[in-house]
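Report on one structure; see the data block that follows.
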Amino acid sequence: MAPTFNSALQLFLLTLCVSIALTACATPQGRIVGGATVDIASAPHLVSIRYKHNASTPFSHRCSGTIYAEDIVLTTARCVIGLERNQLLIVAGSSYRTQSDGYVYLIKTILIHPDFDIWFIDSDLALLRLEYPLTRQHAKVIRPIEVAEELPTAGSAATVAGWGASAEYGAFEEQLQEATVRVLDSAQCKQAYGAGRISAAMLCAGGESANGVAIDACLGDAGSALVSNGTVVGLVSWGNGCGRVGFPGVYTNLVHFQQWISSEASNNN
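Sequential numbering of the sequence shown, starting at 4, is according to my numbering.
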């Protein structure tokens with residue numbers, strides 16, 4: 004049966020939103036504003052997810068991922084939705100966005116969370132299973148990180164790292180950047196974005212002023228881990244611009260998804 008006009012229009016709009024998901028449709032986050040250059044040993048759980056549009060184009064950095072287990076990488080759904088596994092690869096153990104000094108891993112399967120809502124960027128989570136496990140020989144630069152059992156208290160410090168730019172309209176950074184942000188409670192987050200915009204699947208951090216610019220993660224590197232006390236509590240997801248005072252970064256709340264992650268990671272089917 005031929006598709007109806009409405010279904011075709013919906014498909015077109017979905018494809019359009021996915022194609023610009025790293026630049027619009029409520030700004031997806033990832034570049035580090037107010038951070039400092041670090042080595043990958045400071046964030047050994049972080050990987051670069053690289054993408055190629057077709058057979059004639061090279062792989063280039065698309066977003067970040069967070070190592071959950073030796074064969075599992077977590078990232079945002081918007082990073083990988085609509086893509087085939089052979090269009091993506093994982094580079095682990097490198098401090099650099101474009102260099103090939105890291106270790107390359109192929110993706111076996113891509114699993115998008117069933118509740119993912121691209122319009123409201125809710126349940127923004129995907130689980131990538133690798134073709135073969137990450138090497139154990141380079142634990143200093145390649146290492147899984149556990150998902151926290153509970154959220155950190157409001158006002159506590161957390162770190163986030165990524166390869167994006169250091170200003171809202173700047174170019175991406177070549178070397179890894181890391182920043183410390185403050186975790187907000189749900190009420191503070193809803194005050195910034197509206198009660199109907201923030202769900203239990205979201206977590207806010209950052210937005211505080213440092214010389215008139217908020218320390219933040221921003222456009223270009225969704226999927227980076229928000230780390231508190233050695234565990235990951237969130238993944239960089241979206242926000243209102245980059246480094247804007249009063250508008251914190253919004254993260255996928257991994258504590259909320261802990262059971263789903265554990266169940267799917269242990270399911271080898």
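Built from N, CA and C at the ideal position, the CB exists for glycine as well.
The model shown is predicted, which means the values in this text are computed figures rather than measured ones.
Element boundaries [beta strand (DSSP E), containing residue i]
i	result
Gln261	Element bounds for Gln261: not the beta strand (DSSP E) but the alpha helix (DSSP H), Gln261 to Ala268.
His64	Ser63 to Ala72
Leu49	Leu49 to Tyr54
Asn256	Gly252 to Asn256
Candidates the options: closest to residue i by CA position
i	options	result
Val235	Asn243, Asn270, Pro155 and Gly252	Pro155
Lys55	Val248, Ser266, Arg65 and Phe119	Arg65
Phe260	Asp104, Asp118 and Gly105	Asp118
Ser240	Gly233, Arg247, Pro251 and Gly226	Gly226
Arg139	Glu73, Ala160 and Val83	Glu73
Glu177	Gly209, Ile124, Met205 and Arg100	Arg100
Thr79	Gly233, Ser67 and Gln90	Ser67
Phe123	Ala129, Gly167, Val248 and Arg81	Arg81
Leu131	Ala182, Thr255, Thr69 and Gln180	Thr69
Ala58	Gly85, Gly244 and Gln90	Gln90
Glu152	Ser269, Asn271, Ser265 and Asn270	Ser265
Ser231	Gly210, Lys193 and Ala182	Ala182
Ile201	Ala46, His141, Gly252 and Gly233	Gly252
Ile75	Gln262, Ala39, Gly165 and Pro136	Pro136
Arg247	Leu257, Trp263, Gly209 and Ile115	Gly209
Ser159	His141, Gly249 and Asp188	Asp188
Ala204	Ala161, Leu128, Gly165 and Pro147	Leu128
Tyr106	Ser51, Gly233 and Val83	Ser51
Gly165	Ala95, Gly96 and Ala228	Ala228
Val94	Leu49, Gly242, Ile121 and Leu77	Leu49
Those residues which DSSP pairs with residue i across a bridge
i	result
Thr156	Note: Thr156 sits in no beta bridge, so no partner.
Thr40	Gln180
Arg185	Ala160
Val239	Tyr254
Cys207	Val253
Thr234	Ser231
Gly167	Gly167 is not bridged to any residue.
Val150	Val235
N- and C-terminal bounds of the alpha helix (DSSP H) containing residue i
i	result
Gln140	From DSSP, Gln140 is part of no alpha helix (DSSP H); its letter is neither H nor E.
Ala274	For residue 274 there is no data in the structure shown, the boundaries of the chain being 4 and 272.
Supposed close pair residue i, residue j - CB separation, criterion 8 Å
i	j	result
Glu134	Lys111	5 Å
Ser98	Ile43	4 Å
Val184	Val163	6 Å
Tyr108	Leu92	7 Å
Gly167	Asp224	4 Å
Thr255	Gly237	6 Å
Ser45	Arg53	21 Å between Cβ atoms; not a contact.
Ile145	Pro61	Rounded, the Cβ-Cβ distance is 23 Å, inconsistent with contact.
Leu179	Val41	5 Å
Secondary structure, beta strand (DSSP E): runs of 3+ residues fully inside the region 75-130
Secondary structure remark: continuous beta strand (DSSP E) runs of at least 3 residues inside the region 75-130, in chain order: 75-78, 91-95 and 106-115.
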